[in-house]
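Everything below concerns the one structure shown next.
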Amino acid sequence: MAEERILLVRDVMTREVVTITPDEPVIEAARKMKQYEIGSVVVVSQRGEVIGIITERDLVTRVVAENRDPLKTTVREVMTPNPITVYDDTPLEIAARLMSERGVGHLPVVDKAGRLVGIIAKSDLIEFTPELIEILYLKKGSEREILEGGSE
Numbered sequence: 001m002a003e004e005r006i007l008l009v010r011d012v013m014t015r016e017v018v019t020i021t022p023d024e025p026v027i028e029a030a031r032k033m034k035q036y037e038i039g040s041v042v043v044v045s046q047r048g049e050v051i052g053i054i055t056e057r058d059l060v061t062r063v064v065a066e067n068r069d070p071l072k073t074t075v076r077e078v079m080t081p082n083p084i085t086v087y088d089d090t091p092l093e094i095a096a097r098l099m100s101e102r103g104v105g106h107l108p109v110v111d112k113a114g115r116l117v118g119i120i121a122k123s124d125l126i127e128f129t130p131e132l133i134e135i136l137y138l139k140k141g142s143e144r145e146i147l148e149g150g151s152e
């Protein structure tokens, strides 16, 4: 009987990560998201260390909604600092639980030396392992009943 292999983050992560430095204007982050059709950009130090992440949601809530100038506002001012990261050998189920518990949609992936080696998004998890949808999106019994056609 064949042994079932546990899928790891490295099996589904995007290896070519789009990055930005903290002192660039947020308009550059938005341009990169548009150019590469992505929902987040990882913020790295000059040494390449992960120091933050900026997402579409950050742009909407911290720039547009606050009427800030995207040409003058820096990435550092609106990024989420010190994002949760995972190792490339983390099981996908653990990554899904982290995303759900912390309310994040993207996790930078680092190697044991702390170097950025990829990124994983909720959409990556769903594409490769649809059974993780429940972990990612269903937190309460009432939500499950609603989705399954139950009534409240």
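Note that UniProt numbering has the sequence shown beginning at 1, numbered continuously upward. Backbone N, C-alpha and C fix where the C-beta goes; we use that ideal spot for every residue, glycine too.
Assign Ala113 to one of two classes, buried (16 or more other C-beta atoms within 10 Å of its C-beta) or exposed (fewer than that). exposed
Assuming Ile54 contacts Met13 under a Cβ cut-off of 8 Å, what Cβ separation, rounded to an integer in Å, is found between them? With 8 Å as the limit, Ile54 and Met13 do not qualify as a contact, their Cβ atoms being about 19 Å apart.
Determine the burial state of Leu147: buried for a count of at least 16 other Cβ atoms within 10 Å of its Cβ, exposed for fewer. Here Leu147 scores only 41 on pLDDT, less than 50, and its place in the model should not be relied on; the value that follows carries that caveat. Classification for Leu147: exposed.
Between the C-alpha atoms of Lys34 and Val9, what's the straight-line distance to the nearest angstrom? 25 Å
Three-way DSSP call (helix, strand, coil) for Leu107 in this model: strand
Starting from Leu59, trace the alpha helix (DSSP H) in both directions and tell me its first and last residue. 56–59
So the candidates are Ile84, Glu93, Ala95, Val26; which of them puts its Cα closest to the Cα of Ile51? Ile84
Do you know offhand how far Glu16's Cα is from Ala96's? 21 Å
Out of curiosity, what's the CA-to-CA distance linking Val86 and Arg115? 11 Å
Start-to-end residues for the beta strand (DSSP E) that takes in Val98: The amino acid at residue 98 is misidentified as Val; the sequence shows Leu. Careful: Leu98 lies outside any beta strand (DSSP E), inside the alpha helix (DSSP H) at 92–102.
Determine the extent of the beta strand (DSSP E) in which Val43 is found, giving its start and end residues. 40–44
CB-CB length for Asp88 against Val64, believed under 8 Å: With a Cβ gap of about 34 Å, Asp88 and Val64 do not count as contacting.
Please state whether DSSP places Ala121 in a helix, a strand or coil. strand
Would Lys72 pass as a contact of Pro22 if the rule is Cβ separation under 8 Å? no
Cβ pair Lys32, Val18 closer than 8 Å: yes
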